[in-house]
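Chemist: I'd like to ask you about the structure that follows.
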Amino acid sequence: MRCEGGIAPGFSRSRGQLVVEYATVCFRSQEDFGPIISFTSQKGVRSVTFMEQHPGDTSTKDDGHEGDGIYIGDQESSQEQDSPAETEKLPMSGVRVIDVGTFLAGPYAASILGEFGAEILKVEHPIAGDPMRRFGTPTKRHDATLAWLSEGRNRKSVTIDLRQKEGVELFLKLVAKSDVLVENFRPGTMEEWGLGWQVLSEANPGLVMLRVSGYGQTGPYRRRSGFAHIAHAFGGLSYLAGFPGETPVLPGTTPLGDYMSSLYGAIGIMLALRHREKTGRGQVIDIGTYEAVFRQLDEIAGAYGLFGKIREREGVGSFVAVPHGHFRTKDDKWIAIACTTDKMFERLSEAMERPELASSTLYGEQRKRLAARDLVNQIVIEWVGSLTREEVQRRCLDKEVPVGKVNSIADIFEDEHFRARGNLAHIEEEGLGEVVVPNVIPTLSETPARITNLGPPLGNATDEVMRELLGISVDEIRRLRQRKII
Amino acid sequence: MIHETKAELPLAGIRVIDVATVIAAPYCATVLGEFGAEVLKVEHPLGGDVLRRFGTPTQRQGDTLTWLSEARNKKSVTIDLHRPEGVDLFKKLIEKSDILCENFRPGTLEKWGLGWEVLHDINPGLIMLRVTGYGQYGPYKDRPGFARIAHAVGGIAYLAGMPKGRPVTPGSTTMGDYLTGLYGCIGVLMALRYRERTGCGQYVDAALYESVFRCTDELVPIYGMYGIVRERHGPNHNEFECPHGHFPTKDGKWVAIACATDKLFTRLAMAMERPELASSSTYGEQKTRLENCHDVNEIVRDWCGSLTREEVLERCYATGAPAGPLNNIADIFGNRQFHARRNLVAMDEEETGETIIVPSVIPRLSETPGQIRHLGPKLGEHTVEVLKDLLGIDDCQIDELRNKRVI
Chain A
242 MRCEGGIAPG FSRSRGQLVV EYATVCFRSQ EDFGPIISFT SQKGVRSVTF MEQHPGDTST
302 KDDGHEGDGI YIGDQESSQE QDSPAETEKL PMSGVRVIDV GTFLAGPYAA SILGEFGAEI
362 LKVEHPIAGD PMRRFGTPTK RHDATLAWLS EGRNRKSVTI DLRQKEGVEL FLKLVAKSDV
422 LVENFRPGTM EEWGLGWQVL SEANPGLVML RVSGYGQTGP YRRRSGFAHI AHAFGGLSYL
482 AGFPGETPVL PGTTPLGDYM SSLYGAIGIM LALRHREKTG RGQVIDIGTY EAVFRQLDEI
542 AGAYGLFGKI REREGVGSFV AVPHGHFRTK DDKWIAIACT TDKMFERLSE AMERPELASS
602 TLYGEQRKRL AARDLVNQIV IEWVGSLTRE EVQRRCLDKE VPVGKVNSIA DIFEDEHFRA
662 RGNLAHIEEE GLGEVVVPNV IPTLSETPAR ITNLGPPLGN ATDEVMRELL GISVDEIRRL
722 RQRKII
Chain B
15 MIHETKAELP LAGIRVIDVA TVIAAPYCAT VLGEFGAEVL KVEHPLGGDV LRRFGTPTQR
75 QGDTLTWLSE ARNKKSVTID LHRPEGVDLF KKLIEKSDIL CENFRPGTLE KWGLGWEVLH
135 DINPGLIMLR VTGYGQYGPY KDRPGFARIA HAVGGIAYLA GMPKGRPVTP GSTTMGDYLT
195 GLYGCIGVLM ALRYRERTGC GQYVDAALYE SVFRCTDELV PIYGMYGIVR ERHGPNHNEF
255 ECPHGHFPTK DGKWVAIACA TDKLFTRLAM AMERPELASS STYGEQKTRL ENCHDVNEIV
315 RDWCGSLTRE EVLERCYATG APAGPLNNIA DIFGNRQFHA RRNLVAMDEE ETGETIIVPS
375 VIPRLSETPG QIRHLGPKLG EHTVEVLKDL LGIDDCQIDE LRNKRVI
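Structure follows, in structure tokens:
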């Protein structure tokens, strides 16, 4: 059997909220591999971006500006209903996810499921909404920061007050009609509202529930409030970032642990759905954010357990290899060089035009380089410092030394590879103009994921969900709204 | 066996070939193995996966601790893919498998006659995870990539370090590998779900730098909209919230404190026994705190510096202020929460008598918890078993393959 998949540009209509087109190309071979991702808001086609030429194609890069990409057509006047063909093709089509979490830890798992075709209902407090809406840099839209716009993607917003009895009843009805629930309240909170696992599981025995909290659902610290920043510290990552004996710095980005716990969460949900398909039974996935951070520290636990070795801050380097770090170039920029193996160091020596450094009597072996760490690093520091970043990179790449610019976000926007891979999605948002967000990863050859909309306005789908999904009358909806239950 | 199995694991019956090296793509296979898949680690007969020599060696043939931990549950099968006989064997394995994880530089498998077209023809349902530094296409696709490089290219290394100082390692040099393994695993599980509906396999194209880049909150849209370039923030990041950072305590240790909302700052003010700081005329509002972040940080730093780490944390926990210790690994080994959650698992290596402690499985599933059945295997430990039982190759042929160093 062969899987032929090529799909023509298709349309997906997100319940009239935002029309989004996307073209997917099925690639059966490396030669075919070329995703085209385009977006258009309800005000018509504004930007169609990212066309990757075939690897063999030597023509100039498509820089993704308007008019340069593939024009798909104006959808402004389109009246067609949901065209299910595209969404159905996605792995998560037909799966309904309720995301009642806040910020990112957990909700990002829902985002991923949404990118791959699930319907995501963001259940929020009728007045306050998700605090993520106010977290970060404000935009002209009063209920949306840039962080919300990007990470609230692919959702419909449904307002329900879970602190009111009638809200709880509505929520249970919604749970009965859904497949997955994502939450990240402090453990015990949902139980206080009468929405513990027992109750939810009775309402829907097949329910898969992802629970993310700072410390997990069990253990002595379970009730403590936790954010990624605390999880980085508690999980052992923050201790490692910075110079030896100096101030520990933030390990890159603030919500890293939120992303990490969500990735584990998405995996847990996929596994649980698989189990449910076999048995009909749902289950709970319980993740402490600190655990996701701690899981990624390679041999730190083993080395302490066996040898009592406490890993300390490593500055710009690494305990396993030399040279392996960040180096300043003549034009005052930074570049990363990683000689993980002896072969890599040999290549670097050639790039530095000092092949003798890689001889067995000098620094040819990792062991010797580790012992002479400062000397070896000094040689590299001086060499890198004598050249511009472009020059260092060119010479390293000529010899296949692992090298990379320490990119700022400005560098990233200029980078031809980010552009060719479509890593930046340019999306026209009504009233805001173009919003640039990181595109979906990973890239799947047959069922590439998509961004249907950015973070929605608060309650944009409340009526639709109440009416169409729960069958509640218009009068009743009005009453619920007056009492601020929805 | 670490966890009592309650039900058949979700990936029971799924066979994964892991022909990748180091951590990124192999970690995807590790997660699949924890949840029931059979993972065949295909390695070069001489030396095997370089991860076996990456990090701190143990007495077991010098296999490193990272190998023992991250190759958990895998079976080691040696095949030399540079040899035509090896390629034939590999194709037979592909025929009988569901998932392939690889991380060669683009074009390498193709060079051996094992490109996607070929493998897909042999097994149309095959799902292939391809991890590289820069992905399967794009101008940099042929460049060598490691997590260190990915952190730099993906924009995270630029953000770690003191303002205007040298960018430092963002905590761990292998982070990008793990993140990519997780994205790869999500891709594979999506593809598996799709295959069940259609019978069609596909491949997942994951790039190390992309995984890092995806985890950067507002970094992208804020540059896109306002042209703001985020710089290194040292121990305090006060772009969105204040206080948010690391503070030294009297006993020379560090605590992390983060007040994402005004309510949380109120709790911190209570912990500091200075509730007036949270009034609307002082620092009750995030906006005011961000505008005066230097002063706010100073107040928090003074308070933390007057107490031991334990005292700071006790007072924060008492009012529900978000705080935590900057744990080193010794702190972690002594921590009640890690113990209660069984985050550390000790496994005895019978031959050498060494006790190897590894992080246990996450995520934690209530009905089908993952398992660690054994640690990283010895090189070629399962070659004969797999060739005989799975491929039906007899002893004579196996001897011949071994003599020719194909396996």
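Each protein sequence line maps, in turn, to chains A and B.
The C-terminal residue of the first sequence carries number 727 in my numbering, and the numbering is unbroken.
The C-terminal residue of the second sequence carries number 421 in my numbering, and the numbering is unbroken.
For glycine and all other residues, C-beta sits at the position ideal for the given N, C-alpha and C.
1) Following the continuous alpha helix (DSSP H) through Trp81 (chain B), name the residue where it begins and the one where it ends.
2) At what residues does the beta strand (DSSP E) containing Glu141 (chain B) begin and finish?
3) Quick check: the Cα distance between Gly457 (chain A) and Leu451 (chain A), rounded to an integer number of angstroms?
4) So with Cβ pairs under 7 angstroms, would you call Met204 (chain B) a contact of chain A?
5) Whose C-alpha, out of A:Gly556, A:Ile650, A:Ala579 and A:Asn395, is nearest the C-alpha of Val644 (chain A)?
6) If you follow the beta strand (DSSP E) that Lys89 (chain B) is in, where does it begin and where does it stop?
7) Identify the contact partners of Pro643 (chain A) in chain B, using a Cβ-Cβ distance below 7 angstroms as the criterion.
8) Using the beta-carbon count (16 or more within 10 Å), is Thr366 (chain B) buried or exposed?
9) With DSSP as the reference, label Gly566 (chain A) as helix, strand or coil.
10) Per the contact definition of three or more C-beta pairs closer than 8 angstroms, is the segment 616 to 631 of chain A in contact with the segment 181 to 188 of chain B?
11) So, for Val30 (chain B): in the same chain, excluding its five sequence neighbours on each side, which residues have a beta-carbon less than 6 angstroms away from its beta-carbon?
12) Determine the burial state of Ile368 (chain A): buried for a count of at least 16 other Cβ atoms within 10 Å of its Cβ, exposed for fewer.
13) If we define contact as Cβ-Cβ less than 7 angstroms, is Ile343 (chain B) a contact residue for chain A?
14) Quick one: what does DSSP say Ala388 (chain A) is sitting in, helix, strand or coil?
15) Please report the residue range of the alpha helix (DSSP H) in which Tyr604 (chain A) lies.
16) Could you name the residues that DSSP lists as bridge partners for Phe261 (chain B)?
17) Examine chain A for any beta-carbon lying closer than 7 angstroms to the beta-carbon of Ile31 (chain B), and answer yes or no.
18) Listed in chain order, which residues of the segment 238 to 253 of chain B have Cβ atoms closer than 9 angstroms to some Cβ of chain A?
19) By Cβ distance, which residues of its chain are closer than 8 angstroms to Val336 (chain A), with the 5 residues on each side in sequence left out?
20) Could you tell me whether any Cβ in chain A is nearer than 7 angstroms to the Cβ of Met284 (chain B)?
21) Check each candidate in A:Pro596, A:Lys609 and A:Ser398 and name the one with the smallest Cα separation from Arg222 (chain A).
22) On the three-state DSSP scale, how would you describe Lys55 (chain B)?
23) I'd like to know whether the C-beta of Glu432 (chain A) is nearer than 7 angstroms to at least one C-beta of chain B.
24) Which complete alpha helix (DSSP H) runs does the segment 216 to 243 of chain B hold, if anything under 4 residues is left out?
25) So is Ala562 (chain A) buried or exposed if we call it buried at 16+ other beta carbons inside 10 Å?
26) Run through the DSSP bridge pairs and tell me what Met670 (chain A) is partnered with.
27) Would you decide whether Leu140 (chain B) is buried or exposed? Buried here means 16 or more other CB atoms lie within 10 Å of its CB.
28) Taking 7 angstroms as the CB-CB cut-off, is Ser601 (chain A) touching chain B?
29) I'd like to check one pair, Asn425 (chain A) with Gly342 (chain A): are the Cβ atoms closer than 7 angstroms?
30) Is Pro729 (chain A) close to chain B, meaning its C-beta is less than 7 angstroms from at least one C-beta of that chain?
31) Skipping 5 residues on each side, what residues in its chain have a beta carbon closer than 7 angstroms to that of Thr70 (chain B)?
32) Using a cut-off of 8 angstroms between C-beta atoms, extract the partners of Arg74 (chain B) located in chain A.
33) With 16 other CB atoms within 10 Å as the buried threshold, where does Pro391 (chain B) fall?
34) At least one CB of chain B closer than 7 angstroms to the CB of Phe357 (chain A): is that the case?
35) What in chain B is Cβ-close to Ile508 (chain A), meaning under 8 angstroms?
36) Kindly list, in the order they appear in chain A, the residues whose Cβ is closer than 9 angstroms to that of His258 (chain B).
Modeler: Per the coordinate set shown:
1) What you label residue 81 (chain B) is simply residue 67 of the second sequence in a count that begins at 1. Boundaries of the alpha helix (DSSP H) harbouring Trp81 (chain B): Leu79 to Glu84, taken from the DSSP string.
2) Residue 141 (chain B) sits at position 127 when you count from the first residue of the second sequence. The sequence given here has Ile at residue 141 (chain B), not Glu. First-last of the beta strand (DSSP E) with Ile141 (chain B): Ile141 to Thr146.
3) As a working mapping, residue 457 (chain A) is identified with position 216 in the first sequence. As a working mapping, residue 451 (chain A) is identified with position 210 in the first sequence. About 11 angstroms.
4) Counting from one through the second sequence, the residue named residue 204 (chain B) turns up at place 190. For Met204 (chain B), at least one C-beta of chain A is nearer than 7 angstroms to its own C-beta.
5) Here residue 644 (chain A) refers to the residue found at position 403 of the first sequence. Comparing Cα positions, the closest option is A:Ala579.
6) Looking up residue 89 (chain B) in the second sequence gives position 75. Looking at the DSSP string, the run of the beta strand (DSSP E) that includes Lys89 (chain B) is Lys88 to Thr92.
7) Locating residue 643 (chain A) in the first sequence gives position 402, where the first residue counts as 1. The answer, in chain order, is Pro158, Gly159, Phe160 and Ile163.
8) Translated into positions along the second sequence, residue 366 (chain B) becomes position 352. Exposed is the call here.
9) Here residue 566 (chain A) refers to the residue found at position 325 when the first sequence is read from its first residue. The DSSP-derived three-state label of Gly566 (chain A) is strand.
10) Using a Cβ-Cβ distance cut-off of 8 angstroms, the segment 181 to 188 of chain B and the segment 616 to 631 of chain A are not in contact, since fewer than three pairs of beta carbons, one from each stretch, lie closer than that value.
11) Within the second sequence, the letter at position 16 stands for residue 30 (chain B). Counting only Cβ-Cβ distances below 6 angstroms, and skipping sequence neighbours, we find Ala43, Leu46, Ala51, Val53 and Ile113.
12) Numbered from its first residue, the first sequence carries residue 368 (chain A) at position 127. Label assigned to Ile368 (chain A): exposed.
13) Sequence index remark: in the second sequence, residue 343 (chain B) carries index 329 (1-based). At a cut-off of 7 angstroms between beta-carbon atoms, Ile343 (chain B) makes contact with chain A.
14) Here the question's residue 388 (chain A) lines up with position 147 in the first sequence. In the structure shown, Ala388 (chain A) sits in a helix (DSSP, three-state: H, G or I).
15) Counting from 1 along the first sequence, the entry for residue 604 (chain A) is found at position 363. Where Tyr604 (chain A) is concerned, there is no enclosing alpha helix (DSSP H), because DSSP gives it neither an H nor an E.
16) Locating residue 261 (chain B) in the second sequence gives position 247, where the first residue counts as 1. Paired residue(s): B:Val269.
17) One-based indexing of the second sequence puts residue 31 (chain B) at position 17. With 7 angstroms as the cut-off, Ile31 (chain B) does not count as an interface residue toward chain A.
18) Within the segment 238 to 253 of chain B, the residues whose Cβ lies closer than 9 angstroms to any Cβ of chain A are, in chain order, Gly238, Met239, Tyr240, Gly241, Ile242, Val243, Arg244, Glu245, Arg246, His247, Gly248, Pro249, Asn250, His251 and Glu253.
19) Residue mapping note: residue 336 (chain A) aligns to position 95 of the first sequence, counting from 1. So the qualifying residues of the chain are Leu354, Gly358, Ala359, Glu360, Asp420, Val421 and Leu514.
20) Stepping through the second sequence from its first residue, residue 284 (chain B) is reached at position 270. Not flagged as an interface residue toward chain A: Met284 (chain B), since no C-beta distance is shorter than 7 angstroms.
21) What the structure shows of chain A is the stretch from 242 to 727, and residue 222 (chain A) is not part of that stretch, so it cannot be assessed.
22) What you label residue 55 (chain B) is simply residue 41 of the second sequence in a count that begins at 1. For Lys55 (chain B), the three-state secondary structure derived from DSSP is strand.
23) Numbered from 1 along the first sequence, position 191 holds the residue referred to as residue 432 (chain A). False, the Cβ-Cβ gap to chain B never drops below 7 angstroms.
24) Segments of the alpha helix (DSSP H) lying fully in the segment 216 to 243 of chain B: 222 to 228 and 233 to 240.
25) Taking the first residue of the first sequence as position 1, residue 562 (chain A) is located at position 321. That one is buried.
26) Along the first sequence, read from residue 1 onward, the residue named residue 670 (chain A) stands at position 429. In the sequence on display, residue 670 (chain A) carries Glu and not Met. Residue pairing of Glu670 (chain A) in beta bridges, as defined by DSSP: A:Gly674.
27) Walking along the second sequence from the start, residue 140 (chain B) turns up at place 126. Buried is the call here.
28) Here residue 601 (chain A) is taken as the residue at index 360 of the first sequence, counted from 1. Chain B contact via Cβ: absent.
29) Along the first sequence, one-based indexing puts residue 342 (chain A) at 101. Along the first sequence, one-based indexing puts residue 425 (chain A) at 184. Less than 7 angstroms divides the Cβ of Gly342 (chain A) from the Cβ of Asn425 (chain A).
30) Past the boundaries of the shown model lies residue 729 (chain A); chain A is included only from 242 to 727, so the question cannot be answered.
31) Counting from one through the second sequence, the residue named residue 70 (chain B) turns up at place 56. These residues qualify, in order along the chain: Thr78 and Leu79.
32) Locating residue 74 (chain B) in the second sequence gives position 60, counting from the first residue. Per Cβ cutoff of 8 angstroms: no residues; Arg74 (chain B) is ~11 angstroms from chain A at best.
33) Position 377 of the second sequence, counting from 1, holds the residue named residue 391 (chain B). It is buried - the Cβ of Pro391 (chain B) has at least 16 other Cβ atoms within 10 Å.
34) Sequence index remark: in the first sequence, residue 357 (chain A) carries index 116 (1-based). Flagged as an interface residue toward chain B: Phe357 (chain A), by a C-beta distance shorter than 7 angstroms.
35) By 1-based counting over the first sequence, the position of residue 508 (chain A) is 267. The answer, in chain order, is Val45, Leu196, Cys199, Ile200, Leu203 and Pro377.
36) Mapped onto the second sequence, residue 258 (chain B) falls at position 244. Simply Phe468, His470, Leu491 and Thr495.
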